[in-house]
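Position in the sequence shown counted from 1, then plus 27, gives you my numbering.
Here a beta-carbon is modelled for each residue, glycine too, at the ideal position from N, C-alpha and C.
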Amino acid sequence: MYYSNGNYEAFAKPQKPKDVDLKSAYFVGSGLASLAGACFLVRDGQMKGENIHIFEELNIAGGACDGINDPNKGFIIRGGREMEDHFECLWDLFRSIPSLDTPDASVLDEFYWLNKKDPNYSLCRATLNQGEDAKTNNKFNLSQKGSMEITKLFMTKDEDLYDKTIDDVFDEEFYKSNFWLYWQTMFAFEKWHSALEMKLYIQRFIHHIGGLPDFSALKFTKYNQYESLILPMMKYLEAHHVNFIYNTKVIDVQFETKQNSKRAKQIIIEQNNQLSQIDLLDTDLIFITNGSCTENSSLGNDEHAPVLNTQPGGCWELWKKIAQQDPSFGHPEKYCTDIEKTNWESATITLNDNTITPYIEKICKRDPHSGKVVTGGIVTVKDSSWLCSWTINRQPHFKSQPDNKIVIWFYGLYTNVPGDYMKKPMKECTGREITMEWLYHLGVPTDRISEYAKNTTCIPCMMPYITAFFMPRTKGDRPYVVPEGAINFAFIGQFAETTRDCVFTTEYSVRTAMEAVYTLLNIDRGVPEVFASCYDVRYLLDATSKMMDGEKITSLKMPPILRLVEKKAFKKIQGTIIEELLERYKLL
């Protein structure tokens, strides 16, 4: 496997790998990574679909990319996915997946047309004082010290950030900035999370710093991710006769090591409370999703709060068994043993009439029933004790959603803190109580909150491991996609290790899957490298200008001796391309 860029290899079809017709493939889990891996096996590996087997513990595929209209509960979305132009592997995949709604178009075509016609941006990023615009005004409000701390983190070597937290590299002055408000709520980072992962995020998305305050950097699917992304992939795979095996739990994978090689030799599965095993041949491949951010998720309803499930999750137990067999298989305990630091709660609120719509329109300044962008990303309640945020995507968010209903996604980062209206922690609140807290921050008069809440349905969801991949880590805590010496197995998904990319994205799942398939089948086509914006001086200058809220570098506070050096430096660059670049990006 090797990396490439440009369009020379982007449109090329690789030759059929040697002996691929003799091979079979097994996937543990049916999340985005596994589905993507199966698609790459079919499209680029040219493997027979009937030789591909996907084991799923539940009775539905999709993993964390969900979207369900439960006839007994209502509409449910545990989370949403933010996407951008340079998810190179994701778009490489979906250019080949036919749309289910648009004839003679791919999922990528459909997505591209939608976001060109209806570009995303927010008209109100944050509120306070019960629905008033917080007037962040697209400013970062970073002090010079805060800007320097970000720059230092950007330049720090990975190994110098092993096991360090965000709190180890930033101070209280930085946390008071709008930058941190945007960053924390958009990506769900906490002060105790990995400084290394924050650095990777900054480097990965440096080209979108200017779009951070108003979400103009983001793109969204037409419907929820299950209907817009997962279902088209499943239809594609089913058309190629790929085998989906539901209600089947993989409880162990056994490996053997000989000299410098490592081989998966056996899969142990549980179906209908019966154990069985699959003995793997040298020609068999297995792709393992190790760890899950949505494992042990629990739902509540209007009358009941979700119960936090602290029992060992199946995928975590599987990874622990695997990790015991070889040090290169990672350390799952770094991610799944501190639920207090890895949980938060979301809720799906459905409005059953238009009583609340005027309060929404006042904030987002758009008609939720227009079929176009509504909030344009999350609206963060800046003075919320739960630090809650909410969003309304294009409606309908579900194909089966009636025209008179609106579906809202709501989440709170601090689940242990009493609310501002309900006066108790979010994790103890019923769906109806969560709705009332939201209505309070929406600006609904307090004497009407209880009445208005009765016209809604709310399904809260507690996720104990939702930010597990953000926990501080060091080298070796995540297994490489294909560990050294591995001949027939790979790790895929958010807890596998690859180069330069960052987790909690659809791109990361697809990238690890693509790298795994290309490596094990020795496919002669490059995997698109992570977009190299952090090495492009134009993006760096633009990001610098945006983070300084338009101030010139000449306005920076410097000691007199450095100011003298600065004047001499500016004299030397006069009339050069350097001066031209600095002026173009409004730094001079």
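Practice task
Indicate the three-state DSSP secondary structure (helix, strand or coil) for residue 341 in the structure shown.
Solution key: helix
Exercise for the section: Using the Cα positions of residue 193 and residue 179, report the straight-line distance between them to the nearest angstrom. Expected result: 13 Å
Problem - Start-to-end residues for the beta strand (DSSP E) that takes in residue 268 - result: Per DSSP, residue 268 belongs to no beta strand (DSSP E) and is neither H nor E.
Practice task
Going by CA-CA distance only, name the one from 545, 606, 580 that's closest to residue 64.
Solution key: 545
Handout entry: Other residues of its chain near residue 589: CB distance less than 8 Å, five sequence neighbours each side excluded
Key = Because the pLDDT of residue 589 is 47, which lies under 50, any placement of that residue in the model is unreliable, and the number read from its coordinates should be weighed accordingly. Result list for residue 589: empty, nothing under 8 Å.
Handout entry: Cutoff 9 Å: residue 110 Cβ touching any chain B Cβ
Key = Given the protein chain composition of this structure (a single chain), no chain B is represented.
Problem - Validate contact between the stretch 502 to 515 and the stretch 385 to 395 using beta carbons, cut 8 Å, 3 pairs - result: no
Exercise for the section: Take the Cβ of residue 334 as the centre, count every other Cβ of all protein chains shown within 10 Å, and call the residue buried at 16 or more, exposed below. Expected result: exposed
Practice task
Measure the CB-CB distance between residue 95 and residue 81 and report whether it falls below 9 Å.
Solution key: no
Exercise for the section: Run the CB neighbour count on residue 364, radius 10 Å, all protein chains shown included, and call it buried at 16 or more, exposed below. Expected result: exposed
Problem - Helix, strand or coil at residue 231 [DSSP, three-state] - result: helix
Practice task
Rounded to whole angstroms, what's the CA-CA distance from residue 377 to residue 93? Just pull it up for me.
Solution key: 16 Å
Exercise for the section: Find the nearest neighbour of residue 454 within the set 366, 422, 99, 580, judged by alpha-carbon distance. Expected result: 366
Exercise for the section: Please name the residue in 186, 575, 66 whose C-alpha comes closest to that of residue 53. Expected result: 66
Problem - Contact under 9 Å by Cβ, residue 295 with residue 315 - result: no
Practice task
Would you tell me roughly how many angstroms separate the C-alpha atoms of residue 266 and residue 349, rounded to the nearest one?
Solution key: 33 Å
Practice task
Run through the stretch 64 to 123 for me and flag every whole alpha helix (DSSP H) of 4 or more residues, listed as ranges in chain order.
Solution key: 115 to 121
Practice task
Can you have a look at residue 504 and say buried or exposed, based on whether 16 or more other CB atoms are within 10 angstroms of its CB?
Solution key: buried
Practice task
Quick one: grab the DSSP three-state call for residue 378.
Solution key: strand
Problem - Complete runs of the alpha helix (DSSP H) confined to the stretch 529 to 559 [at least 4 residues] - result: 533 to 547
Problem - CB-CB length for residue 420 against residue 380, believed under 8 Å - result: Residue 420 to residue 380, Cβ: 20 Å. No contact.
Practice task
Could you name each continuous beta strand (DSSP E) segment of 3 residues or more that falls completely within the stretch 347 to 425, going from the start of the chain to the end?
Solution key: 371 to 378, 406 to 408, 415 to 418
Handout entry: Helix, strand or coil at residue 456 according to DSSP, with G and I counted as helix
Key = coil
Practice task
May I ask which residues mark the beginning and end of the beta strand (DSSP E) holding residue 305?
Solution key: 301 to 306
Exercise for the section: Compare the Cα-Cα distances from residue 327 to each of 486, 528, 558, 150 and report the closest residue. Expected result: 486
Practice task
Give the single residue among 402, 416, 539 whose Cα lies nearest to the Cα of residue 371.
Solution key: 416
Practice task
Write down the C-beta distance between residue 91 and residue 58 rounded to the nearest angstrom, noting that I regard them as a contact closer than 8 Å.
Solution key: 6 Å
Handout entry: Paired residues, beta bridge with residue 524 - DSSP
Key = 507
Exercise for the section: Pair every Cβ in the stretch 44 to 51 with every Cβ in the stretch 558 to 567, then say whether three or more of these pairs are closer than 8 Å. Expected result: no
Practice task
Assess, as a yes-or-no matter, whether the stretch 246 to 253 is touched by the stretch 128 to 145 under the definition of 3 or more beta carbon pairs within less than 8 Å.
Solution key: yes
Exercise for the section: On the DSSP bridge assignment, give the partners of residue 297 in chain order. Expected result: 276, 302
Exercise for the section: Look up residue 246 in the DSSP assignment and say whether it is helix, strand or coil. Expected result: strand
Practice task
Drop a sphere of 10 angstroms on the beta-carbon of residue 571, count the other beta-carbons inside from all chains shown, and report buried for 16 or more, exposed for fewer.
Solution key: buried
Practice task
Using the DSSP secondary-structure output, state which residues sit across from residue 490 in a beta bridge.
Solution key: 371
Exercise for the section: Grab me the residues of residue 617's own chain with a C-beta within less than 6 Å of its C-beta, minus the 5 sequence neighbours each way, in chain order. Expected result: The structure shown does not extend to residue 617, since the chain spans only 28 to 615, so no value can be given for it.
Practice task
Please go through the same chain and pick out, in chain order, the residues whose beta-carbon is closer than 6 Å to the beta-carbon of residue 238, but skip the five residues on each side of it.
Solution key: 244
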